[in-house]
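Q: After the structure tokens below, expect a handful of questions from me.
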Amino acid sequence: MRKQILAVALLLFGISFTSSLSAQQVAVESVEKAVKTDGKYAILVQNPMHLMASVMTGTEYKSKDKAVQFEIVLIGQVVKELAENKELESTIQSAEKSGIRLVVCEFAMNKLGVKKSQYHPSIYTTPNGFTYLFGLQELGFKTITL
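So the sequence shown is residues -23 to -1, 1 to 123, counted in mature numbering (1 follows the signal peptide of the UniProt record, and there is no 0).
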């Protein structure tokens, strides 16, 4: 009798475990499809690798629908890298071509000794990157911080 109860319990556990695995897979696909083609998205980045990945993501979204609004707010060390690292020029040009707005924190610029004149003309600045990101949230943007 105990063996039968144990066998039934294991069978039920196995069925529920495999059901939850396939439910998770469906959920992942649903989540990825939930990105709106006319959505408003922003990413706060602090290093060049995250900047490049964010521009690639924004370019992908904008290629699907030009109505997508995509902004990247830059704080920390990437603020200096953006001004001095010539390897990031293609990233800046890609963002501009795709219609992605790059916004640099002036507080970080001052701390790192960077002047606005060192940036590509397409780059915007804001006195405080955090305040700008909060403003985007109030305007309905979905935001993440890297």
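Backbone N, C-alpha and C define an ideal beta-carbon position, used for all residues, glycine too.
Looking only at its chain, what residues have a beta carbon closer than 7 angstroms to the beta carbon of Ile52, apart from the 5 residues adjacent to it on each side?
A: Here the question's residue 52 lines up with position 75 in the sequence shown. Hits under 7 angstroms: Leu21, Gln23, Cys82, Ala85 and Gly106.
Q: Decide if Gln46 is buried, meaning its Cβ has at least 16 other Cβ atoms within 10 Å, or exposed.
A: Walking along the sequence shown from the start, residue 46 turns up at place 69. Burial call: buried.
Q: Pairs of beta-carbons, one from the region 107 to 120 and one from the region 66 to 74, closer than 8 angstroms: are there three or more?
A: With a cut-off of 8 angstroms, the region 66 to 74 and the region 107 to 120 do not count as touching, because too few Cβ pairs lie within range.
Q: Between the beta-carbon of Val80 and the beta-carbon of Val50, is there less than 9 angstroms?
A: Counting from one through the sequence shown, the residue named residue 80 turns up at place 103. Counting from one through the sequence shown, the residue named residue 50 turns up at place 73. For Val80 and Val50, yes; Cβs fall inside 9 angstroms.
Q: Name the two residues that bound the continuous beta strand (DSSP E) containing Ile121.
A: To locate residue 121, count along the sequence shown from 1; it is residue 144. Element bounds for Ile121: Lys119 to Thr122.
Q: Would you check if the distance between the CB atom of Tyr38 and the CB atom of Lys119 is smaller than 9 angstroms?
A: Reading the sequence shown from its first residue, position 61 is the one you call residue 38. Reading the sequence shown from its first residue, position 142 is the one you call residue 119. No; because the gap between Cβ atoms is not below 9 angstroms, this pair is not in contact.
Q: Taking just the CA atoms, how far does Glu48 sit from Tyr101?
A: Stepping through the sequence shown from its first residue, residue 101 is reached at position 124. Stepping through the sequence shown from its first residue, residue 48 is reached at position 71. Looking at the two C-alpha atoms, the distance is approximately 11 angstroms.
Q: Using DSSP's beta-bridge definition, name the partner residues of Glu9.
A: Looking up residue 9 in the sequence shown gives position 32. Paired residues: none, contrary to the question.
Q: Here's the rule: buried if 16 or more other CB atoms are within 10 angstroms of the residue's CB, otherwise exposed. What is Leu28?
A: Stepping through the sequence shown from its first residue, residue 28 is reached at position 51. With 16 or more other Cβ atoms within 10 Å, it is buried.
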